[in-house]
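Notes for the one structure printed next.
Residue numbers (UniProt numbering): 1 to 237.
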């Protein structure tokens with residue numbers, strides 16, 4: 001009997017069906033505007049608020065322009081008293097809600113220093129989905145007002161924090177800035193344009209079950225090597 005797990009994502013019946021929608025997954029630590037960003041994408045006017053920090057992970061779709069947009073909110077990746085195994089399990093369940101696999105992971109964060117919480121979150125994401133996930137990741141900052149108050153450009157702000165700059169570089173300089181108190185839909189339109197361009201540069205590819213399986217295999221090999229090293233050290237004592 002095969003012990004192989006069922007694929008996380010469904011295979012689209014046709015390329016056209018997959019290409020006709022945009023699938024977005026929100027990632028990040030708690031209390032940095034992740035759920036609010038999802039609400040902004042789906043309803044810039046604020047009339048609808050499909051996501052709440054107190055609700056379980058969910059997927060909400062809406063037609064924006066001529067495109068169906070699917071947004072998935074995920075559990076916060078820090079400040080929560082549960083095991084990493086449970087966090088990983090919840091993450092996998094969350095992204096399976098995209099059905100065919102996400103086109104983009106938006107790492108949502110405030111315009112602050114890139115802290116240990118952020119670094120820990122990124123490490124969990126990479127252990128879960130593989131380092132290749134950075135090719136599908138864009139950073140979404142949530143408090144544009146901070147730039148205005150400090151009279152700085154986003155580029156200047158990024159340059160003031162070396163860790164943040166390194167992370168942005170790993171995302172190939174893909175980022176966007178939201179003002180969550182502004183009802184102007186143009187900031188959402190601009191974000192979707194950036195995501196569309198990002199997908200076009202990848203020739204329409206998106207994160208797949210095969211990529212997740214490769215990440216799981218790599219993690220198991222790493223854990224096995226670490227276990228062997230520990231056993232060897234014990235024998236040498």
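No residue lacks a Cβ here, since even glycine has one placed at the ideal position from N, Cα and C.
Contacting residues, own chain, Cβ-Cβ under 7 Å from residue i (five flanking each side not counted)
i, result
"residue 32", "108, 109, 110 and 142"
"residue 73", "26, 34, 35, 38, 51, 57 and 58"
"residue 1", "Because residue 1 sits at a pLDDT of 34, beneath the cut-off of 50, its placement in the model cannot be relied upon, and the point is left open."
"residue 126", "133"
Whole-Å CB distance - residue i paired with residue j, under 8 Å assumed
i, j, result
"residue 105", "residue 133", "6 Å"
"residue 238", "residue 145", "Outside the shown range of the chain (1 to 237) lies residue 238, about which nothing can therefore be said."
"residue 23", "residue 206", "7 Å"
"residue 192", "residue 96", "The Cβ separation is near 23 Å, so there is no contact."
Opposing strand residues paired with residue i [DSSP bridges]
i, result
"residue 23", "70"
"residue 107", "27 and 139"
Helix, strand or coil at residue i [DSSP, three-state]
i, result
"residue 96", "helix"
"residue 179", "strand"
"residue 48", "coil"
"residue 62", "strand"
"residue 163", "helix"
"residue 152", "coil"
"residue 184", "coil"
"residue 35", "helix"
"residue 127", "helix"
Other residues of its chain near residue i: CB distance less than 8 Å, five sequence neighbours each side excluded
i, result
"residue 138", "104, 105, 106, 107, 171, 174, 175, 176, 194, 195 and 198"
"residue 147", "111, 153, 154, 157 and 177"
"residue 130", "211, 212, 214, 215 and 218"
* To do: Determine contact between the stretch 117 to 135 and the stretch 64 to 78, defined as no fewer than three beta-carbon pairs at a distance below 8 Å.
  => yes
* So does the stretch 160 to 167 actually touch the stretch 62 to 73, counting three or more Cβ pairs closer than 8 Å? -> no
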